[in-house]
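Below is one structure, written out as structure tokens, with a few remarks after it.
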Amino acid sequence: MFDSTVLKRCLVSVVVLAVFLLTACGGGGSKSNGTGTGTGTGTGTGSGTGTGTGTGTSFAPSDPLFGDQWHLKNTGQLGTNGTTAGTAGEDVNVTPAWNLYRGAGIRIAVVDDGMQISHEDLAGNVVAGASHNYCDGGTDPTSCASNGPGCNGGDSCHGTSVSGLAAAASNGVGGLGVAPEAGLVGYNLIQKDTSSNEADATKRDLAHNSIYNNSWGAPDGTGLYFPPLSSWTSAVDTGTSSGRGGKGSIYTWANGNGGGQI
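Numbering (numbering that gives the first Met the number 0), first residue to last: 0 to 261.
Below you can see the structure in the form of structure tokens.
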């Protein structure tokens, strides 16, 4: 079991994975002419069966905070302090991809400290009944702060943020994610991190999850190496060979919170 007392609270990996999803995994992505596999209503299957031949119709987000999301489109806009401007063009360059693919038919598993599945910017993309709470065995991973011994307290702030970066819906509320029509599931592994749960979260629902984004792991910045257990490496091997309809599931991990030199 990894030592999860040091939480890998880095959001960069989820942006990278979602851009990869849109630009390299066109199969299963939504087509701008409305004929893609999935509707962005949380029913993504992760099977990657779409043809990826969108017509190129322009997609214009209606979300009121999109103008502040410089990581998606950096126009040199002012930051929240009202004085510091960004550098125009320094973003993930995802807006051209939106004209063809927006993630429908793809499912992202957020392995984290939980996910507020009722959040107004996430609920439309959450796959009903597919999330997992490792504290009570249920399907609502929002929080397990009071669910008995063996559970780490706290909330689902980090998992909710990660989920929003990946796949907040473009619904005219707040902002939107990099893949605003992808399906979302949440696994609150960090709140009850055991060796068996780590392996389970890594291969849970492989037939449907295209991507597993992980915000947990061994502590870094210590100068020490913490090797994973064979049960976890076996789960990764299974996922990369059998997941996503035999194409292999994609795994991403946050890294670098320790600030060590590379």
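Glycine residues also receive a C-beta, built at the ideal position from the N, C-alpha and C atoms.
C-beta atoms of residue i and residue j nearer than 9 Å
i: Asp112; j: Asn213; result: no
i: Gly242; j: Ala198; result: no
i: Gly185; j: Thr141; result: yes
i: Leu164; j: Val177; result: yes
i: Ala167; j: Gly158; result: no
i: His131; j: Gly123; result: no
i: Ala129; j: Arg101; result: no
i: Gly245; j: Tyr211; result: no
i: Ala108; j: Asn208; result: yes
Residue of the options minimising C-alpha distance to residue i
i: Ala87; options: Ala103, His70, Pro95, Asn80; result: His70
i: Thr232; options: Lys246, Ala253, Thr94, Ala200; result: Ala200
i: Pro218; options: Ser160, Pro179, Asn254, Val161; result: Asn254
i: Val91; options: Ser160, Ile210, Thr74; result: Thr74
i: Asn98; options: Val109, Ser240, Ser57, Ser61; result: Ser57
i: Leu121; options: Ser162, Asp135, Asn187, Gly238; result: Ser162
i: Pro95; options: Gln115, Thr83, Lys72, Ile116; result: Lys72
i: Cys156; options: Pro63, Lys202, Ser117; result: Ser117
i: Thr193; options: Gly220, Met114, Val93, Cys134; result: Cys134
i: Gly216; options: Gln190, Phe65, Arg203; result: Gln190
i: Glu273; options: Arg203, Asp204, Asp62; result: With the chain represented from 0 up to 261, any question about residue 273 goes unanswered, as that position is not in the structure.
i: Gly247; options: Gly85, Thr221, Gly222, Lys202; result: Lys202
i: Val93; options: Thr82, Thr83, Phe65, Gly78; result: Phe65
i: Met114; options: Gly220, Glu89, Ser160; result: Ser160
Where residue i falls, given that 16 or more other Cβ within 10 Å makes a residue buried
i: Tyr224; result: exposed
i: Gln68; result: buried
i: Ala59; result: exposed
i: Asn80; result: exposed
i: Pro179; result: buried
i: Ser195; result: exposed
i: Ser169; result: buried
i: Leu188; result: buried
i: Ser240; result: exposed
i: Gln76; result: exposed
i: Gly33; result: Confidence in Gly33 is poor, its pLDDT being 31 and thus under 50, which makes the residue's placement too unreliable to answer from.
i: Ser229; result: exposed
i: Pro226; result: exposed
Extent of the continuous alpha helix (DSSP H) run through residue i
i: Gly185; result: That residue, Gly185, is in no alpha helix (DSSP H); its beta strand (DSSP E) goes 182-186.
i: Val110; result: From DSSP, Val110 is part of no alpha helix (DSSP H) but of the beta strand (DSSP E) over 106-110.
i: Cys156; result: 156-166
i: Thr267; result: Here the chain comprises residues numbered 0 to 261, so residue 267 is not present and cannot be evaluated.
i: Glu89; result: Per DSSP, Glu89 belongs to no alpha helix (DSSP H) and is neither H nor E.
i: Lys202; result: 194-202
i: Pro140; result: It is not in any alpha helix (DSSP H) - Pro140 carries neither H nor E in the DSSP assignment.
i: Ala96; result: 94-97
CB-CB length for residue i against residue j, believed under 8 Å
i: Gly182; j: Val126; result: 5 Å
The beta strand (DSSP E) enclosing residue i, as first and last residue numbers
i: Asn213; result: 210-213
i: Trp252; result: 249-252
Contact test: residue i Cβ vs the ligand COA heavy atom, cutoff 8 Å
i: Phe58; result: This structure lacks the ligand COA, and indeed carries no ligand of any kind.
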